[in-house]
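Residues in the sequence shown are numbered consecutively from 55, following this note's numbering.
We put the beta carbon where it would ideally sit given N, CA and C, even for glycine.
Remember, predicted model here, so these are calculated numbers, not experimental data.
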Amino acid sequence: MAQRGPKHHLKRLSAPPVVRVLRKAYTYLLKPRAGPHPLKDSVALGVLLRDYLGIVQNTREAKYVLSQGKVKVDNRTIKDLKFPVGYQDYITIEGDKSYKVEYSKDGFALYPVEDTSHKMLKVIRKHKVKGGKLQLTFHDGRTYLTEDNTIKVGDTVVFDLGEKKIVKVIPQKVDSLCIITTGKHRGIKGRLIAVDHIGGKKIARLDTPEGEISTDYRYLFFLGDEA
55 MAQRGPKHHL KRLSAPPVVR VLRKAYTYLL KPRAGPHPLK DSVALGVLLR
105 DYLGIVQNTR EAKYVLSQGK VKVDNRTIKD LKFPVGYQDY ITIEGDKSYK
155 VEYSKDGFAL YPVEDTSHKM LKVIRKHKVK GGKLQLTFHD GRTYLTEDNT
205 IKVGDTVVFD LGEKKIVKVI PQKVDSLCII TTGKHRGIKG RLIAVDHIGG
255 KKIARLDTPE GEISTDYRYL FFLGDEA
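Printed below as a string of structure tokens:
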């Protein structure tokens, strides 16, 4: 009989490259639900709690911790074990620390942070809506209405999670610090030194600690002067 509907499980061997999976640990992983991040760029919240942070030993414990409202993502209480978490998201554990999801060569990595009030978002779409305003869509699925037409697709904005407004725009320009978010160079940071047009594609050249690297311009996430 043919497969009907979407699969609700995810084999470890089929996990997206961004998910750091313990070798020979499990046959299956929790599959992230449809949500703010696409499957290829997300990991289920339960996997982060168990395999990354180690605060639970199994799915049963993860369900209990979440049901108690002890976990927040971007300052919102989340109780869904399969909630998709992605790049630049904040994970806050009640009574413990807050962590930021970053890219590394091995996939996602979590780093402790003190401030979770502002988040960097990449503009991935922009279009005009009824009333003449512009709607921006960010890489984490958020949308935002603005009258500022200077913000371009590919720019990064600093978003106030409490006030729900843009407080700073980081434009795309040479000499800005960037991180590569896709491909074999994922997780590498460097300064943009030039943009070449080859075969109809924009190729970015970055000065990185590993030397000069070329990558698809679309893979860049601009960080401005942030370290």
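Helix, strand or coil at residue i [DSSP, three-state]
| i | result |
| --- | --- |
| residue 117 | helix |
| residue 198 | strand |
| residue 141 | coil |
| residue 180 | strand |
| residue 100 | helix |
| residue 130 | strand |
| residue 95 | helix |
| residue 240 | coil |
| residue 294 | For residue 294 there is no data in the structure shown, the boundaries of the chain being 55 and 281. |
| residue 146 | strand |
| residue 173 | strand |
Close Cβ partners of residue i (< 8 Å) along its chain, the five nearest in sequence each way excluded
| i | result |
| --- | --- |
| residue 195 | 89, 90, 91 |
| residue 164 | 102, 106, 107, 145, 153, 154, 155, 156 |
| residue 277 | 174, 210, 224, 230, 231, 232, 233, 243 |
| residue 281 | Only weak support is given to the placement of residue 281: the predicted model assigns it a pLDDT of 48, under 50, and the question is left unresolved by the model. |
| residue 247 | 228, 229, 259, 260, 261, 266 |
Contacting residues, own chain, Cβ-Cβ under 6 Å from residue i (five flanking each side not counted)
| i | result |
| --- | --- |
| residue 176 | 193, 210, 275 |
| residue 262 | 242, 244 |
| residue 221 | 212, 214 |
Residue i, enclosing beta strand (DSSP E) - first and last residue
| i | result |
| --- | --- |
| residue 106 | Element bounds for residue 106: n/a, residue is neither H nor E. |
| residue 165 | 161-167 |
| residue 243 | 243-252 |
| residue 191 | 188-192 |
| residue 156 | 152-158 |
| residue 223 | 219-224 |
| residue 270 | 265-270 |
| residue 214 | 210-214 |
| residue 278 | 274-278 |
| residue 84 | Unbroken run through residue 84: none, as it is neither H nor E. |
Spatial neighbours of residue i in its chain, beta-carbon cut-off 7 Å, leaving aside the 5 residues before and after
| i | result |
| --- | --- |
| residue 157 | 141, 233, 235, 240, 241 |
| residue 271 | 249, 256, 257, 258 |
| residue 151 | 166 |
| residue 147 | 109, 124, 125 |
| residue 273 | 234, 235, 236, 237 |
Residue i vs residue j beta-carbon contact at 7 Å
| i | j | result |
| --- | --- | --- |
| residue 162 | residue 97 | yes |
| residue 197 | residue 191 | yes |
| residue 155 | residue 99 | no |
| residue 199 | residue 187 | yes |
| residue 123 | residue 171 | no |
| residue 116 | residue 104 | yes |
CB-CB length for residue i against residue j, believed under 8 Å
| i | j | result |
| --- | --- | --- |
| residue 144 | residue 127 | 7 Å |
| residue 207 | residue 180 | 5 Å |
| residue 159 | residue 84 | That belief does not hold up - the Cβ atoms of residue 159 and residue 84 are roughly 23 Å apart, past 8 Å. |
| residue 267 | residue 260 | 5 Å |
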